[in-house]
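To keep things clear, I will list the structure first and then write my remarks on it.
Listed below in structure tokens is the structure:
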């Protein structure tokens, strides 16, 4: 099966007050057509930055390396103009906080149609009809009046639905959703996840779902990548990674998760804090927090290697093999 | 799992129409009430200040001769209620103001309203041209600085704009007059027209417009020639101010998520800058225009003196120096009311531009 | 003329961190010029080549080796007058900004702390002062009090205090509501302790920025009033009134140019300092010199 998106050796560094800091340090992953690909990791692990890099959305001064094959082209080497044609049309994004990701002074209708008209060349009326369909599809009540309303007139959950409608407006092949439920109430979260899942099935869409919450992925992801300190430490099919984690970090993340089926099991917090990108530990970046760390972990960066069953692991010791 | 939209009942009409929404009318009403209250407060301040001026109002107004005539003094005192207690006098003052009677200037021996009518057009023309100049230049520089943030151009504009708000207006006026008029002779040194030139037929009192209306091109050019130097001098401070303001407003907006979202939608950079950044930064820039206007009025007092420009700045200055109480009171009342009205308009504009303001 | 200060927003408990300001070239330049003017003001009799009031030279001489800034219409040395002018402008500017900050700060703190009627009253008065362009109100006040340097300074205090009242009131209100102050109160910290440990440090920064920028505004306004003849009276070597004389002796450019340059450099120093300080408190739009290479 041919891949929709294939990222290899992605590296990103940003200028900060402490000098140039490498945020993403050689990340590989691939997204299949029609799947939900989950990316999990603590904040600061580089998962968001690695997605923003794909569409050239990083701040000035960012350096990006590696390649990202999408539809036979390397997104990281596309000229700005060509990348604009891909953005919003073939690859769309949904951001974390719907309170800030919609333009407060443009009507919902305008935000739903402006890129549709540009990318698909629709007339004003056609674009407006399309916008109505989209609002219905994401279950906004009263779509006709919503078209002329402004974002501040909607609740957070409704705004995120609008943001999803905006992202889907041009019929993209890939939707990158960056923590789309984090800023929302728990009761609203499930609704947004179900919506994403339904839209994916109905529209033949691949979704990259970024989250710090493995619980979110356990319900809808097909495959999962675990990020730590700018690298992938483990990846594979969802059931395998969540049920038999092989990396000590994945194991620790799962132990820290409240589990409905295993309520008698005590919650275990991960010792220590994730490292600042400016001060990544030597060797395996997880070694200071890892109970299984060895001398080799301290000095040598473990490579991400195939371990069979479509899984990959970056650990010298593989304590749960 | 759907949540109800918070204010959909209040959602705007099906099509953008020219009829303002009820919430906008409420917003407008509140601002209007505040404007009226502030205007009343201003009359109180002006009244109290004039009561404190240490001059004999009777001699100042009637002149030495008439002050010797008991009948004239009595009628003057009755008209202005000088024989009554303070609160009554304030009410009388309010009544006079409402009737358009601001008293008689001790200097010109004309009604203050008449004097204001004479001097306002000159200042209005100068102020409008200068605010326009400042807005065009300042906003352009500010956007440019923000787009080139932390690059050389940005740092240069920072130093230059700080210099601009540090120069005393009267000093720039003097230096530019020395260079532009005395040394180079490129600009006229004083007044609105060349000596001996009759003004265009009166329509608005703004010579630029009057000259255009009557189709006298050479006169129009002459008027602009006279306006150029004082308007530029007056604009210098505000260009710098607007540069700094626009820069920070644009940067504040450019860091927002929705700008990134706009780029992610694949909109051309031009559209992102115009529709996502500048549009959203506009309200903050508009709010500064009120301040810009106040600065122009402040500067006008100083610049008009140097360029012998026959405006209310000169009038106010002459009145203050001669302790011409009715004139001072009249000018400050007029200027303050114009100023709060400008701020009112700015507020309303803000509401028109930013839909969030109208609702809350 | 004035430039308003944006009210700072608090996200978490801030600390007074002036360190970064001193790494900026603008701050260094501003501090250097300001210190130079302070020293000139203090040591004026030692620095000035001649008596600023002595009419002992040929009038209206152009700048030369003997008179670097030339002489004025009465045969006084312009350089000496500019140097002695620092003794008038700088102490008065400091004094009146301190006074305005004290009065405005106190009223603002009371308004923010008591809220209710006191708040309404103070803020309405502030609104009224803001309803007049500063120079118009200052002119009227000087007319009421009579001309002269002291009255002009008082007039500027009248115009200047409301900005402090607004800023301090806003800060007291927002700091009082801030979670860390509330939690400090819940933990049993006394009101006074909360004031000194939490509220004051938060207010000090923005007020300091405002005061520095206001030194610039006050200097401009004071020299403006003197320029109009409402402030310093002859023969005082006040910079604004010297520029005014310069406008009457137009062809002798040095008479007005050099005193104006003195105002400009002093005001510029205060603005450089204030702007650098502001960067420390509002990093979102700050200019940074360290990452210019990108």
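Chains as they are written, first to last, in the numbering used here: chain A, 162 to 482; chain B, 935 to 1294; chain C, 6 to 299.
Each residue gets a CB set at the ideal place from its N, CA and C atoms; glycine is no exception.
Can you name the residues of chain A whose CB is closer than 8 Å to the CB of residue i?
{"i": "residue 1214 (chain B)", "result": "264, 265 and 266"}
{"i": "residue 1210 (chain B)", "result": "264"}
List, in chain order, every chain C residue whose beta-carbon is nearer than 7 Å to that of residue i.
{"i": "residue 1232 (chain B)", "result": "6, 138, 139 and 140"}
{"i": "residue 1101 (chain B)", "result": "269"}
By DSSP, does residue i sit in helix, in strand, or in coil?
{"i": "residue 449 (chain A)", "result": "helix"}
{"i": "residue 176 (chain A)", "result": "strand"}
{"i": "residue 309 (chain A)", "result": "coil"}
{"i": "residue 183 (chain A)", "result": "strand"}
{"i": "residue 35 (chain C)", "result": "helix"}
{"i": "residue 1099 (chain B)", "result": "coil"}
{"i": "residue 249 (chain A)", "result": "coil"}
{"i": "residue 230 (chain A)", "result": "strand"}
{"i": "residue 254 (chain A)", "result": "strand"}
{"i": "residue 1263 (chain B)", "result": "helix"}
{"i": "residue 477 (chain A)", "result": "coil"}
{"i": "residue 76 (chain C)", "result": "strand"}
{"i": "residue 165 (chain A)", "result": "coil"}
{"i": "residue 339 (chain A)", "result": "strand"}
Quick check on residue i: buried or exposed, where buried means 16 or more other Cβ atoms within 10 Å of its Cβ?
{"i": "residue 438 (chain A)", "result": "buried"}
{"i": "residue 166 (chain C)", "result": "buried"}
{"i": "residue 951 (chain B)", "result": "Unreliable positioning characterises residue 951 (chain B) in this predicted model, as indicated by a pLDDT of 47, which lies under 50. The coordinate reading is nonetheless provided below. The residue in question, residue 951 (chain B), is exposed, as its Cβ has fewer than 16 Cβ neighbours within 10 Å."}
{"i": "residue 272 (chain C)", "result": "buried"}
{"i": "residue 256 (chain C)", "result": "exposed"}
{"i": "residue 1013 (chain B)", "result": "exposed"}
{"i": "residue 1285 (chain B)", "result": "buried"}
{"i": "residue 14 (chain C)", "result": "Residue placement at residue 14 (chain C) is poorly supported in this model, since its pLDDT is 38, which falls under 50; the coordinates still yield a value, given next. Under this definition residue 14 (chain C) is an exposed residue."}
{"i": "residue 285 (chain A)", "result": "exposed"}
{"i": "residue 342 (chain A)", "result": "buried"}
Is residue i near residue j, with beta carbons less than 7 Å apart?
{"i": "residue 226 (chain C)", "j": "residue 161 (chain C)", "result": "yes"}
{"i": "residue 252 (chain C)", "j": "residue 1108 (chain B)", "result": "yes"}
{"i": "residue 195 (chain A)", "j": "residue 367 (chain A)", "result": "yes"}
{"i": "residue 221 (chain C)", "j": "residue 156 (chain C)", "result": "no"}
{"i": "residue 138 (chain C)", "j": "residue 1234 (chain B)", "result": "no"}
{"i": "residue 216 (chain C)", "j": "residue 102 (chain C)", "result": "yes"}
{"i": "residue 270 (chain A)", "j": "residue 308 (chain A)", "result": "yes"}
{"i": "residue 242 (chain C)", "j": "residue 57 (chain C)", "result": "yes"}
{"i": "residue 112 (chain C)", "j": "residue 170 (chain C)", "result": "yes"}
{"i": "residue 1098 (chain B)", "j": "residue 1174 (chain B)", "result": "yes"}
Find the residues of chain B that neighbour residue i, judging by a C-beta separation of less than 9 Å, and give them in chain order.
{"i": "residue 327 (chain A)", "result": "1195 and 1199"}
{"i": "residue 216 (chain A)", "result": "1197, 1198 and 1200"}
{"i": "residue 65 (chain C)", "result": "In chain order: nothing, as chain B lies at least about 15 Å away."}
{"i": "residue 280 (chain C)", "result": "1092, 1096 and 1178"}
For a contact defined as C-beta to C-beta under 8 Å, what are the partners of residue i on chain B?
{"i": "residue 253 (chain C)", "result": "Going along chain B, no residue has its Cβ under 8 Å from residue 253 (chain C), so there is no contact; the nearest lies around 11 Å."}
{"i": "residue 250 (chain A)", "result": "1200"}
{"i": "residue 280 (chain A)", "result": "1200"}
{"i": "residue 263 (chain C)", "result": "Within 8 Å Cβ-Cβ: nothing; residue 263 (chain C) doesn't reach chain B, min ~10 Å."}
Given that residue i touches chain C, what residues does it touch there, using C-beta distances under 8 Å?
{"i": "residue 1240 (chain B)", "result": "252"}
{"i": "residue 899 (chain B)", "result": "The structure shown has nothing for residue 899 (chain B), since chain B only spans 935 to 1294."}
{"i": "residue 983 (chain B)", "result": "145, 146 and 149"}
{"i": "residue 1262 (chain B)", "result": "144, 145 and 148"}
Quick one: list the residues of chain A neighbouring residue i, beta-carbon separation under 7 Å, in chain order.
{"i": "residue 1289 (chain B)", "result": "266 and 311"}
{"i": "residue 1191 (chain B)", "result": "256, 258, 261 and 262"}
So does residue i have its beta carbon nearer than 6 Å to some heavy atom of the ligand ZN?
{"i": "residue 89 (chain C)", "result": "In the structure shown, the ligand ZN is absent, as is every other ligand, since no ligand is present at all."}
In chain B, which residues lie with their C-beta within 7 Å of the C-beta of residue i?
{"i": "residue 275 (chain A)", "result": "1201"}
{"i": "residue 245 (chain A)", "result": "1200 and 1202"}
So with CB distances below 9 Å, who are the chain C contacts of residue i?
{"i": "residue 1109 (chain B)", "result": "258, 261, 262 and 265"}
{"i": "residue 1120 (chain B)", "result": "Going along chain C, no residue has its Cβ under 9 Å from residue 1120 (chain B), so there is no contact; the nearest lies around 16 Å."}
Problem - Stretch-stretch touch, CB-based, cutoff 8 Å, three pairs: the segment 1261-1273 of chain B with the segment 1034-1049 of chain B - result: Yes: the two stretches touch, three or more of their Cβ pairs being nearer than 8 Å.
Exercise for the section: Answer yes if the segment 317-327 of chain A comes into contact with the segment 237-244 of chain A, meaning at least three C-beta pairs across the two stretches below 8 Å, and no otherwise. Expected result: Contact between the segment 237-244 of chain A and the segment 317-327 of chain A is absent, because fewer than three Cβ pairs lie under 8 Å.
Exercise for the section: Take every Cβ of the segment 39-50 of chain C, pair it with every Cβ of the segment 89-96 of chain C, and state whether three or more of those distances are shorter than 8 Å. Expected result: When Cβ pairs closer than 8 Å are counted between the two stretches, the segment 39-50 of chain C is seen to touch the segment 89-96 of chain C, the count reaching three or more.
Handout entry: the segment 1163-1171 of chain B in contact with the segment 1101-1115 of chain B per 3-pair CB rule at 8 Å
Key = Segments in contact, yes.
Exercise for the section: Please determine if the segment 1192-1200 of chain B and the segment 1138-1151 of chain B are in contact, where contact requires at least 3 C-beta pairs separated by less than 8 Å. Expected result: The segment 1192-1200 of chain B vs the segment 1138-1151 of chain B: no contact.
Practice task
Check whether the segment 1080-1097 of chain B touches the segment 1173-1187 of chain B, taking contact to mean three or more Cβ pairs, one atom from each stretch, closer than 8 Å.
Solution key: The answer is yes - the segment 1173-1187 of chain B touches the segment 1080-1097 of chain B, with three or more Cβ pairs under 8 Å.
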